[in-house]
Amino acid sequence: MNAGRGEFATRLGFILAAAGSAIGLGNIWKFPYVAGQNGGGAFVIVYLIMVFSIGLSVMLAEFAIGRAAQRNPVGAFAKLKGGAWTGVGYLGVAAGFIILSFYAVVGGWTLAYTVHTMGTLLETSDPKTLGAFFGEFTADPGSSVFYHGLFLAMTMAIVIGGVEKGIERASKFLMPVLLVLLVALCLRAVTLPGGGAGIAFFLTPDFSKIDIDTINAALGQAFFSLSLGMGALLTYGSYLSRQVHLTTAALWVTSLDTSIALLAGFLVLPAVFAFGYDPAAGPGLTFITLPAVFAQMPGGAFFGPLFFGLLSIAALTSAVSLLETAVAYFVDNRGLSRRKATAWAGIIIFALGIPSALSFGALSGQTVAGRTFFDLMDYLASNVMLPLGGIAISVFAGWTIMDRIIDEITADGAHGFPARTIWIWICRIAAPLAITWILVSGL
Ligand code: TRP
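In terms of the numbering used here, the sequence shown opens at residue 113 and continues consecutively.
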């Protein structure tokens, strides 16, 4: 074991931290509206299939690569194979910088909305007024950069504490809080008069809505939501002791992430239907439609800030895993102290995020191929780097060093691995082919 790198003290702590990485804006902000745009229940079924086949398998591969190498992604690929494979590690760490730079901008919005919903924002339920507020708020350079920085500073405060005293401790506190808030909000939403239509929309599959685009959206959403493809979960796996069963842990994290996405659907869609809004409103669903819902809902002044507080917590624990990947690289490969590594990574990501923070105002006219800087970063990471990383991780685990990875998953035969054959063929064939297909159709 590599002393000084840090290690998760308990299995529960690891599972909560990895679930904290997975559960984020992808589950609560994105999943309900992507489901809303792609046929509700039909999308949910395709999504579940993707998550528990390819998603679960790639997650297991990431955990195993990380624990086998006890390194960040760059160090891990270098140590286990080297050569061109090290490039996969660099791709992952670079993706981490890029994702966090725009993720922290939206994370900042969630903080700001927690504050604003406690103030006067919910005095109106007119989506036009709320839309105008959202537009003005995100366009204001001062507040968007300020909240982006505040969100990053909070992330840094957790990461600087280290694996056990920072990440594990924060996850053990924040994840249960998140779950309680979510259940409370769901109970409120499903008991709203008229909410049943939202539940029906969410649960009734319309198979005519399933087409290439739905399947593509489901696989992309599964990857982003499970934090796969850049080595964030690989890095968490590198802090894990050999006692922990990797298959059980991966199953837990995948199930938790999926349950929270479904709960978010049960929270958002009934509320939206109860007040007659459009479930396919897109990205604005969370920041424009939901405040309108809270403004009209009995107890909304209480549940509104609660919801945005919940969203901030979910985003924060995800951001922690993104920053930790960069920090682990600086610590393992560049010999920096954790403090210095966190400071440098945080500063670089803050700077890289400024053009994204300004993309809704001052820089909204500066576009490349119709994309603002924010959209460009999101596109580059989610549609190019993560799929490439996902293919490389599956091929690496399924072909290049398969025996080593299976020894790691089973702790040299000590732990059972009943899904072994299925896992091998998913990593060897199904995942690379399916992801190549998303990659190509996403371009
Ligand atoms: N999974 C997180 C979410 O759903 C985002 C995230 C955190 C992520 N770490 C990641 C996405 C690594 C891709 C790769 O919001």
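Built from N, CA and C at the ideal position, the CB exists for glycine as well.
Mind reading off the beta-carbon distance from Leu-203 to Met-497? Whole number of angstroms is fine, and I expect it under 8 Å. As a working note, residue 203 is residue 91 in the sequence shown. As a working note, residue 497 is residue 385 in the sequence shown. Going by Cβ atoms, the distance from Leu-203 to Met-497 rounds to 6 Å, so yes, they are a contact pair.
Host alpha helix (DSSP H) of Pro-288 (start-end): On the sequence shown, residue 288 is found 176 positions in, with the first residue counted as 1. 281–302 is the extent of the alpha helix (DSSP H) around Pro-288.
Can you tell me whether Ile-541 is buried or exposed, with buried defined as 16 or more other CB within 10 angstroms of its CB? Your numbering for residue 541 matches position 429 in the sequence shown. Exposed.
Starting from the Cα of Leu-464, find the closest Cα among Ala-474, Met-287, Asn-445, Phe-485 and give me that residue. Numbered from 1 along the sequence shown, position 352 holds the residue referred to as residue 464. The residue with the shortest Cα to Cα distance from Leu-464 is Phe-485.
Ser-353 vs Asn-184 beta-carbon contact at 8 Å: To locate residue 353, count along the sequence shown from 1; it is residue 241. To locate residue 184, count along the sequence shown from 1; it is residue 72. In this structure, Asn-184 does not lie closer than 8 Å to Ser-353 by Cβ.
Alpha-carbon to alpha-carbon, Phe-378 and Val-271: Residue 271 sits at position 159 when you count from the first residue of the sequence shown. Residue 378 sits at position 266 when you count from the first residue of the sequence shown. Taking the straight line from one Cα to the other gives about 32 Å.
Using the three-state DSSP reduction, which class does Val-186 fall into: helix, strand or coil? By one-based count along the sequence shown, residue 186 stands at place 74. Residue state, collapsed to three classes: helix.
What residue range is occupied by the uninterrupted alpha helix (DSSP H) comprising Met-230? Here residue 230 refers to the residue found at position 118 of the sequence shown. Taken as a continuous stretch (DSSP letters only), the alpha helix (DSSP H) holding Met-230 covers 197–230.
For the alpha helix (DSSP H) that contains His-260, what are its first and last residues? Numbered from its first residue, the sequence shown carries residue 260 at position 148. Taken as a continuous stretch (DSSP letters only), the alpha helix (DSSP H) holding His-260 covers 253–271.
Residue closest to Phe-285, alpha-carbon to alpha-carbon, out of Arg-532, Ala-523, Leu-422, Gly-477: Sequence index remark: in the sequence shown, residue 285 carries index 173 (1-based). It is Leu-422 whose Cα lies nearest to the Cα of Phe-285.
Tell me where the alpha helix (DSSP H) around Tyr-491 begins and ends. Numbered from its first residue, the sequence shown carries residue 491 at position 379. Here the alpha helix (DSSP H) through Tyr-491 covers 485–491.
Label Cys-539 either buried or exposed according to how many other C-beta atoms from any shown protein chain fall within 10 Å of its C-beta, with 16 as the threshold for buried. Residue mapping note: residue 539 aligns to position 427 of the sequence shown, counting from 1. The residue is buried, with at least 16 neighbouring Cβ atoms inside 10 Å.
Can you tell me the Cα-Cα spacing of Leu-230 and Pro-417, whole angstroms? Against the sequence shown, residue 230 aligns to sequence position 118. Against the sequence shown, residue 417 aligns to sequence position 305. The sequence shown places Met at residue 230, rather than the Leu named in the question. Distance between the alpha carbons of Met-230 and Pro-417: 6 Å.
8 Å Cβ cutoff met for Gly-473 and Ser-237: As a first step, residue 473 is located in the sequence shown; it is residue number 361 there, counting from the start. As a first step, residue 237 is located in the sequence shown; it is residue number 125 there, counting from the start. Contact flag unset, no.
May I ask you to list the residues that DSSP assigns as paired with Pro-317? Locating residue 317 in the sequence shown gives position 205, counting from the first residue. Answer is Gly-152.
Taking only the alpha-carbon atoms, compute the straight-line gap between Ser-449 and Leu-293 and give it to the nearest angstrom. As a working mapping, residue 449 is identified with position 337 in the sequence shown. As a working mapping, residue 293 is identified with position 181 in the sequence shown. The straight-line gap from Cα to Cα measures roughly 36 Å.
For Thr-437, count the other beta carbons within 10 Å of its own beta carbon; 16 or more makes it buried, fewer makes it exposed. Which is it? The residue you call residue 437 lines up with position 325 of the sequence shown. Classification for Thr-437: buried.
Do Ala-431 and Val-443 have their C-beta atoms within less than 8 Å of each other? On the sequence shown, residue 431 is found 319 positions in, with the first residue counted as 1. On the sequence shown, residue 443 is found 331 positions in, with the first residue counted as 1. No, the Cβ-Cβ distance between Ala-431 and Val-443 is not below 8 Å.
Closest by CA to Thr-241, which one among Gly-396, Ala-383, Ile-505, Leu-192? Translated into the one-based positions of the sequence shown, residue 241 becomes position 129. Residue Gly-396 is the option with its Cα nearest to Thr-241.
On the criterion of 16 or more Cβ atoms from any shown chain inside 10 Å, does Gly-412 qualify as buried, or is it exposed? Here residue 412 corresponds to residue number 300 of the sequence shown, with the count starting at 1. So Gly-412 ends up on the buried side.
Looking only at DSSP bridge pairs, what is Val-480 linked to? Position 368 of the sequence shown, counting from 1, holds the residue named residue 480. DSSP, once it has assigned bridges, lists Arg-483 as partnering Val-480.
Specify, as a first and last residue, the run of the alpha helix (DSSP H) that Ala-518 falls within. Here residue 518 is taken as the residue at index 406 of the sequence shown, counted from 1. The sequence given here places Ile at residue 518; Ala does not occur at that position. It spans 514–521 - the alpha helix (DSSP H) in which Ile-518 sits, taken as one unbroken run.
Helix, strand or coil at Met-162 [DSSP, three-state]: Position 50 of the sequence shown, counting from 1, holds the residue named residue 162. Residue state, collapsed to three classes: helix.
Using only the heavy atoms of the ligand TRP, determine whether one of them is closer than 7 Å to the beta carbon of Phe-187. Working through the sequence shown from its first residue, we reach residue 187 at position 75. According to the sequence shown, residue 187 is Gly rather than Phe. Checking every heavy atom of the ligand TRP against the Cβ of Gly-187, none is found closer than 7 Å.
Closest residue to Ala-469 among Val-217, Leu-345, Pro-391 (Cα-Cα distance): Position 357 of the sequence shown, counting from 1, holds the residue named residue 469. Distance from the Cα of Ala-469 is smallest, within the candidate group Val-217, Leu-345, Pro-391, for Val-217.
So, with DSSP's three-state summary, where would you put Gln-408? On the sequence shown, position 296 is the one that residue 408 refers to. It is helical.
The ligand TRP heavy atom lying under 7 Å from the CB of Ala-344: Indexing the sequence shown from 1 puts residue 344 at position 232. Relative to the ligand TRP, Ala-344 has its C-beta within less than 7 Å of a heavy atom.
Boundaries of the alpha helix (DSSP H) in which Ala-455 is found, first to last residue: On the sequence shown, position 343 is the one that residue 455 refers to. 450–469 is the span of the alpha helix (DSSP H), which, as asked, contains Ala-455.
Buried or exposed, going by whether 16 or more other CB atoms sit within 10 Å of the CB of Thr-479? For the purposes of this step, residue 479 is taken as residue 367 along the sequence shown, with counting starting at 1. The residue is exposed, with fewer than 16 neighbouring Cβ atoms inside 10 Å.
Please classify Trp-221 as buried or exposed, where buried requires at least 16 neighbouring CB atoms within 10 angstroms. Along the sequence shown, read from residue 1 onward, the residue named residue 221 stands at position 109. Buried.
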